[in-house]
């Protein structure tokens with residue numbers, strides 16, 4: 003599985019990436035995870051913590067993914083979250099206008115001066 007907040011060694015809920023083999027191990031070992039005395043063992047309360055602990059309990063390898071997610075709950079704890087870092091996902095954006103603003107920032111950050119003449123997304127709103 004991909005560790006979306008490597009500085010803390012955590013799998014954060016906004017992006018959860020698990021290989022097919024990892025999901026098979028999770029499925030076959032889920033009853034053991036529910037029976038184990040895992041912190042936050044109730045999946046509905048903190049599903050990302052439960053998923054991480056259950057994957058570890060079942061021997062699924064963790065791979066740090068530094069470019070996957072930027073969010074205010076993961077170092078460097080920036081508020082507001084900058085949307086120009088080139089990450090695959092940004093969190094939290096709970097309303098349409100803040101999400102749209104972040105999307106536009108991310109799109110513009112990827113555009114070179116040459117791109118601005120060719121691609122509509124590089125032109126802004």
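Numbering (my numbering), first residue to last: 3 to 127.
Quick reminder that beta carbons are idealized off the backbone N, C-alpha and C, glycines included.
If you're wondering where the values come from, they're calculated on a predicted model, not measured in any experiment.
As the crow flies, the alpha-carbon of residue 29 is around 10 Å from that of residue 60. Nearest in C-alpha terms to residue 53, of all of 93, 35, 67 and 101, is 35. In the structure shown, residue 50 falls within a helical segment according to DSSP collapsed to helix, strand and coil.
Beta-bridge partners assigned by DSSP to residue 12: 7. Considered as a whole, the segment 59-94 harbours 71-73 and 91-93 as its complete beta strand (DSSP E) runs of no fewer than 3 residues, in chain order.
A residue is called buried once 16 or more other Cβ atoms fall within 10 Å of its Cβ, and residue 21, having fewer, is exposed.
Across the set 25, 107, 96 and 77, the C-alpha of 77 shows the shortest separation from the C-alpha of residue 11.
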